[in-house]
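In the order they appear, the protein sequences are chains X and P. This note's numbering applies: residue 1 is where the first sequence begins, and numbers increase by one. This note's numbering applies: residue 1001 is where the second sequence begins, and numbers increase by one.
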Amino acid sequence: MSAKESTRVEYGKTLAQLGAENPQIVVLDADLSGSTQTHHFAKIFKDRFFNVGIAEQDLMGTAAGLALGGKIPFASTFAMFATGRAWEQIRQTIAYGNLNVKIVASHGGVTVGEDGGSHQAVEDLALMRILPNMVVLAPADGPETRAMTRWAAAYHGPVYMRTGRLAVPVIYGNGYVFELGRGSLLREGGDVTLMGIGIMVQACLDAAAGLAQEGIEARVASLGCLKPLDWELVVDSAQRTGAVVTAEEHMVTGGLGSAVSEILGEHCPTPLQRIGLRDTFGMSGKPEDLLKHYGLTADDIKQAAYTVMARKASHLASPVMDRQAPSLAGR
Amino acid sequence: MLDDEKADKEITAIPDHRLLKETARQVRLDIVEMLFRASSGHLGGSLSAADILVALFFGEMRAHAGDPCWIDRDRFILSKGHGAPAYYAVLVRLGYFPREELLTLRQFGSILQGHPDSGCTPGVEIPTGSLGQGLSIANGLALAARLNGHASRIYALLGDGEVQEGQIWEAAMTAAHYGLDNLVGILDRNRLQIDGHTAEVMSIEPLADKWKAFGWHTLEVDGHDIPQLLAAFTACKEVKGRPSMIIAHTVKGKGVSIFEGQKKYHGTAPNPEEYQQAVKELGG
């Protein structure tokens, strides 16, 4: 992949296009319009852009009021402050009231880099996924960001979308159309399924390419729509491959790994390995160093694939009753 | 209120002070009845806000006969969401739901939740109850009305203890920064919060000076004097380029001697004896 685009930049540019197409769209920011990229919209539509200053709680409440008044507000700030600082405002007003507010938060994950753990949201997807009425999205690349932003503007209801700071490889074609509750099958394979969200989709593709050189055929599913999750794609992939790896630039609790575990645990128990942060905060450093440190690389996904395939093999080799026997005997 | 003969006409209330006073008395009776039946709820802050709500809804706010969702209507946000019983007693008189619903307050399956929920109750604009959030919402409505070119005025009722929430002052800055002269805040200054007097729990004075310093046109009225409240609403319309805050001095539990000024009745329903006395004092 040569072309790279940043999801936050593609969000900002798409928002500016949408502003020209739909006069009901308004945009709010909390003193981070350069970083979140809402400045593209702000420059053109001055009367429809509201900076509330460094006040994320007020940001969410004001957006809620604008939605109540018939507008389509997009509220942006860093993912940490949107979902952390203003979680209760989002819960009490936007989600509980089922209001037409789009929260698009940038700087998700550890690839924020040098700013460190205070600014790296690694729990935002969990905080939003737990809310009734909320749709939760995390695009993998530029085209998916553009499609999701356009979809969110047309959809009536609360939406959370996470964008990232870095430029990332382009995966999807420009004709990509986003559909609520649908993931994408990016690669077929029968040995293991790699399920990714956000920047980890590319890492899954890279891991699959590496595995292919070793004769392992990995299926790759992109699950940028975390809520509602593509239940059918998850279960079908698990049934076809019998081994699943999830990968997210987020805690393994509450995000994609949790969501997939929940579905598989209830409907299709399958050996699963989760790639993500494990009970830890982020830290300062170069994004690539941080991805390595937290085990978020294509190589980590490959290792997880080996592990989960070994578990699949042992499951197939030993029927359920045999596996239970030793523990019963040991009592 | 939703008079068929006035269908398709904007209703501009012609305030009759005696009628409004009588309505406020009936609203208070309803509040006492609802809370007694529910055996729970916020008595003191509902009674303190009764005159404010009656003056606002029946003496000031523009509605549209036959169309409660009229886009250009005046809007109200009950930021002090625990005052829900007073709000419901007003909404029922505007025809939003049948009167018998009042007696289901806080019960399983009721359209009248313990705190306002727009998903359940016709006439409620947005869920409130977690304090400190309503003024930001009102700001958003005021900005939307301005963008839409609507003449709507936006009203938000705040509790006095509520201004201890930091978000109120974020919203205070935003409203002044954007010059929201279609926004009126009303502060129910009943001087009590759950744990005691506001002066003891967390001082909020000098209250009027704070709002003035934040750039708001600030008035002080007797929150139980309906002509004073109506005059204040009218005066706020003359103010251009900045929001208005009406500090309404009230008595918590107003209208029933045993409830007045007693912190105990912030979130307590009357027992049978208290209920009997309240009904008697309110002339029910």
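Cβ atoms here follow ideal geometry from the backbone N, Cα and C, with glycine treated the same way. Quantities reported herein were computed from a predicted structural model and do not represent experimental measurements.
9 Å Cβ cutoff met for residue i and residue j
| i | j | result |
| --- | --- | --- |
| residue 1143 of chain P | residue 1080 of chain P | no |
| residue 950 of chain P | residue 1054 of chain P | With chain P represented from 1001 up to 1284, any question about residue 950 of chain P goes unanswered, as that position is not in the structure. |
| residue 103 of chain X | residue 24 of chain X | no |
| residue 277 of chain X | residue 125 of chain X | no |
| residue 1049 of chain P | residue 1185 of chain P | no |
| residue 247 of chain X | residue 208 of chain X | no |
| residue 8 of chain X | residue 150 of chain X | no |
| residue 1085 of chain P | residue 1042 of chain P | yes |
| residue 1059 of chain P | residue 1020 of chain P | yes |
| residue 171 of chain X | residue 185 of chain X | no |
| residue 191 of chain X | residue 205 of chain X | no |
| residue 196 of chain X | residue 237 of chain X | no |
| residue 230 of chain X | residue 157 of chain X | no |
| residue 63 of chain X | residue 51 of chain X | no |
| residue 194 of chain X | residue 249 of chain X | no |
| residue 1046 of chain P | residue 1029 of chain P | no |
| residue 59 of chain X | residue 29 of chain X | yes |
| residue 241 of chain X | residue 189 of chain X | yes |
Residue i classed as buried or exposed, judged by whether at least 16 other C-beta atoms fall within 10 angstroms
| i | result |
| --- | --- |
| residue 1200 of chain P | exposed |
| residue 316 of chain X | exposed |
| residue 1004 of chain P | Because the pLDDT of residue 1004 of chain P is 43, which lies under 50, any placement of that residue in the model is unreliable, and the number read from its coordinates should be weighed accordingly. When all chains shown are included, residue 1004 of chain P counts as exposed. |
| residue 20 of chain X | exposed |
| residue 1156 of chain P | buried |
| residue 1238 of chain P | exposed |
| residue 4 of chain X | exposed |
| residue 49 of chain X | buried |
| residue 1240 of chain P | exposed |
| residue 1263 of chain P | buried |
| residue 75 of chain X | buried |
| residue 110 of chain X | buried |
| residue 328 of chain X | With a pLDDT of 40 at residue 328 of chain X, under the threshold of 50, the predicted position of this residue should be treated as unreliable, though the coordinate-derived value follows. Classification of residue 328 of chain X: exposed, given that the 10 Å Cβ count is below 16. |
| residue 299 of chain X | exposed |
| residue 177 of chain X | exposed |
| residue 6 of chain X | buried |
| residue 1369 of chain P | An answer regarding residue 1369 of chain P cannot be provided, because it is not within the stretch 1001 to 1284 covered by chain P. |
| residue 1022 of chain P | exposed |
| residue 314 of chain X | exposed |
| residue 162 of chain X | buried |
| residue 1133 of chain P | buried |
| residue 121 of chain X | buried |
| residue 143 of chain X | buried |
| residue 1236 of chain P | buried |
| residue 1266 of chain P | buried |
Endpoints, beta strand (DSSP E) assigned at residue i
| i | result |
| --- | --- |
| residue 251 of chain X | 244-251 |
| residue 187 of chain X | 184-187 |
| residue 160 of chain X | 159-162 |
| residue 4 of chain X | 4-6 |
| residue 1188 of chain P | 1183-1189 |
| residue 168 of chain X | 167-169 |
| residue 1248 of chain P | 1244-1249 |
| residue 75 of chain X | 72-76 |
Span of the alpha helix (DSSP H) around residue i
| i | result |
| --- | --- |
| residue 299 of chain X | 298-317 |
| residue 197 of chain X | Unbroken run through residue 197 of chain X: none, as it is neither H nor E. |
| residue 1199 of chain P | 1198-1201 |
| residue 1117 of chain P | Segment: none, residue 1117 of chain P is in no alpha helix (DSSP H) and carries neither H nor E. |
| residue 293 of chain X | 287-293 |
| residue 1177 of chain P | 1166-1177 |
| residue 1262 of chain P | First-last for residue 1262 of chain P: undefined, no H or E at that position. |
Partner residues on chain A for residue i, Cβ-Cβ distance less than 9 Å
| i | result |
| --- | --- |
| residue 48 of chain X | Absent from the structure: chain A. Protein chains present are X and P. |
| field | 4 or more residues per run - each alpha helix (DSSP H) lying fully within the region 90-157 of chain X | value | 124-129 and 142-154
| Which runs of the alpha helix (DSSP H) spanning at least 4 residues fall entirely within the region 1209-1240 of chain P, listed in chain order? | 1226-1237
| message | Under 7 Å, CB to CB, which of the residues in the region 85-98 of chain X have a partner in chain P? | response | 88, 89, 92, 93, 96, 97 and 98
| task | Only counting runs of 3 or more residues, tell me where the beta strand (DSSP E) segments fall wholly within the region 18-68 of chain X, in order along the chain. | result | 25-29 and 49-51
| field | Residue ranges of each beta strand (DSSP E) within the region 215-285 of chain X, 3 or longer | value | 218-222, 225-227, 244-251 and 272-277
| Which residues, taken in chain order from the region 55-77 of chain X, show a beta carbon closer than 7 Å to some beta carbon of chain P? | 55, 57, 58, 61, 62, 63, 64, 65, 66, 68, 69, 70 and 71
| query | Of all the residues that make up the region 1124-1145 of chain P, which are near chain X by a beta-carbon distance shorter than 9 Å? | reply | 1125, 1126, 1127, 1128, 1129, 1130, 1132, 1133, 1134, 1135, 1136, 1137, 1138, 1139, 1140, 1141, 1142, 1143, 1144 and 1145
| said: Quick check on the DSSP output: what are the complete alpha helix (DSSP H) runs of length 4 or more inside the region 1123-1157 of chain P, in order along the chain? | reply: 1134-1148
| field | Whole beta strand (DSSP E) elements within the region 1027-1114 of chain P, 3-residue minimum | value | 1075-1078
| request: Using a Cβ-Cβ cut-off of less than 9 Å, give me the residues of the region 1106-1119 of chain P that come near chain X, in sequence order. | output: 1117, 1118 and 1119
| request: Pull out every residue of the region 1022-1053 of chain P whose Cβ sits closer than 9 Å to any Cβ of chain X, in chain order. | output: none
| Using a beta-carbon distance cut-off of less than 7 Å, what residues from the region 185-211 of chain X approach chain P? | none
| Within 8 Å of chain P by C-beta, residues of the region 23-53 of chain X in sequence order | 26, 47, 48, 50, 52 and 53
| message | Please identify, using Cβ separations under 8 Å, the residues of the region 1160-1175 of chain P that lie next to chain X, in order along the chain. | response | 1166, 1167, 1170, 1171, 1173 and 1174
| request: Using a Cβ-Cβ cut-off of less than 7 Å, give me the residues of the region 1068-1085 of chain P that come near chain X, in sequence order. | output: 1071
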